[in-house]
Amino acid sequence: MSSHRQTETSTILRKSPAPDEVVVSEKAELSPQVSNHLSDAGNQSQEHYKSRLSPFRYKLRSMLLPAIRAETKVLNSLQSSLRHPLLDFYFAWTANLASHTFYVLMLPPPIWFGAGKLCRDLIHVLGFGIYLSGGLKDYFCLPRPRSPPLHRITMSSYTTQEYGFPSSHSANATAVSLILFSKLVEIRSSLSAATFYGLLAVLSLYYISLIFGRLYCGMHGYLDIITGSLIGVFCFSFRYWYGDWFDNLMFDNSLNVWITPVLIIAGYLYLIHIHSEPIDDCPCFDDSVSFIGVLMGIDLSHYVAHKSSYFTSRNEFQDPIMIHFNYAELGPVKSILRFVVGVTLVVIWKSISKPVVFTILPPIYKFVGISFPRRNYIATASTTKSNRQIRSASISNVENNIGDLNNLIKGITDHSKRDEMGPETEIDYYAILDYNEDKYKNKNRKKNKRKNNRIDKEKVSDISENEDVEQQLQSFLNKSQVFKPRYDVETIGRTLVYAGVSTTAFWGFSFVSELLNLA
209 MSSHRQTETS TILRKSPAPD EVVVSEKAEL SPQVSNHLSD AGNQSQEHYK SRLSPFRYKL
269 RSMLLPAIRA ETKVLNSLQS SLRHPLLDFY FAWTANLASH TFYVLMLPPP IWFGAGKLCR
329 DLIHVLGFGI YLSGGLKDYF CLPRPRSPPL HRITMSSYTT QEYGFPSSHS ANATAVSLIL
389 FSKLVEIRSS LSAATFYGLL AVLSLYYISL IFGRLYCGMH GYLDIITGSL IGVFCFSFRY
449 WYGDWFDNLM FDNSLNVWIT PVLIIAGYLY LIHIHSEPID DCPCFDDSVS FIGVLMGIDL
509 SHYVAHKSSY FTSRNEFQDP IMIHFNYAEL GPVKSILRFV VGVTLVVIWK SISKPVVFTI
569 LPPIYKFVGI SFPRRNYIAT ASTTKSNRQI RSASISNVEN NIGDLNNLIK GITDHSKRDE
629 MGPETEIDYY AILDYNEDKY KNKNRKKNKR KNNRIDKEKV SDISENEDVE QQLQSFLNKS
689 QVFKPRYDVE TIGRTLVYAG VSTTAFWGFS FVSELLNLA
């Protein structure tokens, strides 16, 4: 087989497919939200990963891949036996409650209603959980469960573009549930038995729905879930046992008042720098950068609050990071207005900051010659594109990232694409090839067919007897467009935008609520 075929897209199709063989439906609605090149996040040929990964990474991936693939039959049996329209809707909808976007939008309210410590704990376990799970996803480059035979039941096409191992949903849900459970146990003496067990039941339902839902929806396998949950346990355990020590080290050290902020910024930028680089296009890095920005913003905000003692005299607990809130003093109307003001401030910040940041940064990158090299990112300092073009592309990419309220609402209310199977994305297209490949290999072993009827995993065959399907697939690949041109300026730009989100939610809300007499 000629070497140029390794870069070609092809199908292995026959006029009369076997009953258990998966073929591409000619009527399949191909999603426009996929890449127009072969960047299918985990389902490329083995040679693709062998030639690009380090020997150690490739060996680890090769050890785990069979375990991932072996789960397909069990997951398919589970899904097939339980499928029901109501369960489809329930698990697809509840999956939003552990999405990165949901957490970005729901983390600020505890700040506004006097739960600064709880919010800080949640931000830290989520931020580091997303960073760790995203880093491992990009490190191992392992695919999601095969579709087909599995159906992918989801309201978010964004998450289907990620690698599968480990499950970030499981990491998020585990860490958040443990934080809330520990808080519930802490205040148990102030709750009635009915209230305590009622809240515990709700929390248990939340966790079970999210974990089991990933299996039911065909988005993850057991190994993904277990590993993701362990990450969540680790993040919670560190925060629970060493959180106060970490905060004291950060806020009450003997360093110069300006040294600590520099170390905070440098430390988080270093975490971004060492984040694993994926072999395929995968949005995990974007999510990690966004939450690193949130962490940076909240840590710097809390550092200033500690050093200035601004809030210490403004709440009865003399808590340096607690924004005063008393429902008895404010009543229901002003309490609701606090929430409205907070959300409005965050939305305004995101709307204003993105064009401002990406107007200022590109000229600086080009003038100074700043380079933040990453795979599939264009160096802003050396590109011939104009600052206006860079600005437009960067804003578009950040808008399609986490924390977008419109996208979350659209995903929850639009159920037209909840159930996907087949080549809805390029990821699924390669899953089809891989699935049919095993079928062909098994039959070839039994019937001793000619070698040219076998599929070589290390190469891509261009055998096809169905021109209509072949043309459809080629059209699908040409039209697909998920990952737009990326510039390295987006990394720092995104960090600044999301650092501003947490800063606005803390300091911005404090000043505005006092100004509007809502404090």
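Going by the numbering used here, the first residue of the sequence shown is number 209, and it counts up by one from there.
Even for Gly, the Cβ is constructed at its ideal location relative to N, Cα and C.
Bear in mind that the values here come from a model prediction, so they are computed numbers and not experimental data.
Helix, strand or coil: how does DSSP classify residue i here?
i      : result
Arg291 : coil
Arg360 : strand
Thr215 : Low confidence applies to Thr215: its pLDDT is 34, below 50, so where it sits in the model is not reliable enough to give any reading.
Ile467 : helix
Tyr695 : strand
Ile578 : coil
Ile531 : coil
Ile586 : strand
His377 : helix
Ile395 : coil
Ala724 : For clarity, residue 724 is Leu in the given sequence; the question names Ala instead. Residue state, collapsed to three classes: coil.
Asn605 : helix
Lys562 : helix
Gly475 : helix
Ser445 : helix
Gln252 : coil
Gln369 : helix
Ala536 : helix
With a threshold of 16 other CB atoms inside 10 Å of the CB of residue i, please say whether the residue is buried or exposed.
i      : result
Leu294 : exposed
His510 : buried
Phe499 : buried
Asp495 : buried
Val668 : At Val668 the pLDDT is 39, less than 50, meaning the model places this residue with poor confidence and gives no usable figure here.
Tyr573 : buried
Phe348 : buried
Val384 : buried
Gln526 : exposed
His428 : buried
Ser602 : buried
Phe533 : buried
Quick check: what's the CA-CA separation for residue i versus residue j?
i      : j      : result
Thr728 : Arg422 : With the chain running from 209 to 727 in the structure shown, residue 728 is simply not present.
Glu394 : Phe444 : 15 Å
Gly324 : Glu524 : 14 Å
Thr711 : Ile506 : 6 Å
Pro491 : Glu370 : 6 Å
Trp453 : Lys258 : 43 Å
Ile416 : Thr382 : 10 Å
Ser561 : Val705 : 6 Å
Ser355 : Val312 : 30 Å
Thr520 : Trp715 : 14 Å
Asp329 : Glu255 : 43 Å
Leu286 : Phe442 : 29 Å
Glu485 : Ile473 : 21 Å
Tyr518 : Met458 : 18 Å
Met504 : Ala707 : 6 Å
Arg260 : Gln252 : 12 Å
Val512 : Val470 : 13 Å
Ser594 : Leu508 : 34 Å
Ile758 : Asn456 : Residue 758 falls outside the range modelled here, since the chain spans only 209 to 727, and no answer is possible.
Asp248 : Ser559 : Unreliable placement is indicated for Asp248, whose pLDDT of 46 sits below 50; no coordinate value is reported for it.
Ser462 : Ser516 : 15 Å
His514 : Arg522 : 13 Å
Asn605 : Arg596 : 14 Å
Leu268 : Arg583 : 21 Å
Pro263 : Ile586 : 26 Å
Measure the CB-CB distance between residue i and residue j and report whether it falls below 7 Å.
i      : j      : result
Thr699 : Val565 : no
Leu350 : Gly250 : yes
Thr592 : Asp696 : no
Ala379 : Gly337 : yes
Ile487 : Leu340 : no
Ala713 : Pro318 : no
Ser718 : Ile556 : no
Pro563 : Ile598 : no
Tyr424 : Glu279 : no
His481 : Phe493 : no
Ile361 : Asp296 : yes
Val554 : Val709 : yes
Arg447 : His308 : no
Leu283 : Pro353 : yes
Given 8 Å, three or more beta-carbon pairs between the stretch 374–392 and the stretch 426–434: yes
At least three beta-carbon pairs within less than 8 Å, the stretch 451–471 to the stretch 384–394: The stretch 451–471 is not in contact with the stretch 384–394.
Inter-stretch contact at 8 Å, needing at least 3 Cβ pairs: the stretch 282–301 / the stretch 403–414: no
The stretch 546–561 touching the stretch 714–727, judged by at least three CB pairs closer than 8 Å: yes
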